[in-house]
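According to the numbering used here, the sequence shown is numbered sequentially starting from 625.
Quick reminder that beta carbons are idealized off the backbone N, C-alpha and C, glycines included.
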Amino acid sequence: RPAMSFKSPIRYQFYSTSCCVCFHVRTGAMLLGGAYALMYLVMASFLAAATISPDEVAEFAHKYDLPNSYYSNMSDGVDSCIAMVISLLMMIMSGMLVYGSFKHRSGLLIPFFCYQLFDFALTCLVAVGFLTYLPKFKDYVDQLPNFTYKEDIESMDSTWVVLIFVLLFAFVLSFKAYMICCVWNCYKYIVNRNIPDMTVFSARVCMRSQYLLPPYEMVVMKIPPKDDPPPYTPA
């Protein structure tokens, strides 16, 4: 009876092959990596512009009412170099995610997945720290003389401010967790896709082969060689 080969059926796979309702996990992972690469490319370009021509960046920030600390930190040499290195590393990891998803190389997805876990844990810590400090948030806004939305926040009820920030952090954490699941499902899909087919033999064939005689050549090879008889000597 011939051997059978099979792959584990979809219902036994503990991962999903779709994300965002209509996309495959590979497509979703490639879109996520492309979005991150584009975002950090824009950030690196802005950092380079702030380093080369800080006056023009200051004029741009003043035109669009950006906080002074935002572009002053970007003009600082050390902070700008650190931010540039982080942007380049993120572009490399995003490129590895896109290339690994496209070429079915699961190992290239690991760096971006580790970054996602670290970012999720850091966001949770920021959310907890911010929510504990939230009752004094209006006092902190009072100390910012150039804050654009200072009067709007001070006029709001404290309960609504807390509710808005709780919903905002819940949405951000849910989105980050969903993106982590998307990359993890893509990783599991690629790993299972690269597993070779398993060969399964029937138990009846295995039992039948135990009672069959071995081939003649094998029996002859297993017979130990005999010593030559002693020479004949006449009496």
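Burial state of residue i (16 or more Cβ within 10 Å)
i           : result
residue 825 : The pLDDT assigned to residue 825 is 42, lower than 50, so where the model puts this residue is not dependable, and the model offers no usable value.
residue 809 : buried
residue 787 : exposed
residue 806 : buried
residue 672 : exposed
residue 664 : buried
residue 649 : buried
residue 736 : buried
residue 862 : Because residue 862 is not part of the residues shown, which for the chain are 625 to 859, the question remains open.
residue 757 : exposed
residue 711 : buried
residue 662 : exposed
residue 746 : exposed
residue 643 : buried
residue 657 : buried
residue 654 : buried
residue 801 : exposed
residue 721 : buried
residue 792 : exposed
Residue span of the alpha helix (DSSP H) that contains residue i, given as start and end
i           : result
residue 657 : 649 to 676
residue 798 : 782 to 818
residue 741 : 734 to 757
Under the three-state DSSP convention, the category residue i falls into
i           : result
residue 825 : Because residue 825 sits at a pLDDT of 42, beneath the cut-off of 50, its placement in the model cannot be relied upon, and the following sentence gives the value as read from the coordinates. Coil.
residue 633 : Unreliable placement is indicated for residue 633, whose pLDDT of 46 sits below 50; no coordinate value is reported for it.
Quiz item: Is the stretch 810 to 821 in contact with the stretch 717 to 736, if contact means three or more CB pairs nearer than 8 Å?
Solution: Under the Cβ criterion (8 Å, minimum of three pairs), the stretch 810 to 821 counts as touching the stretch 717 to 736.
Quiz item: Are three or more beta carbon pairs between the stretch 704 to 721 and the stretch 749 to 756 nearer than 8 Å?
Solution: With contact defined as three or more Cβ pairs closer than 8 Å, the stretch 704 to 721 and the stretch 749 to 756 are not in contact.
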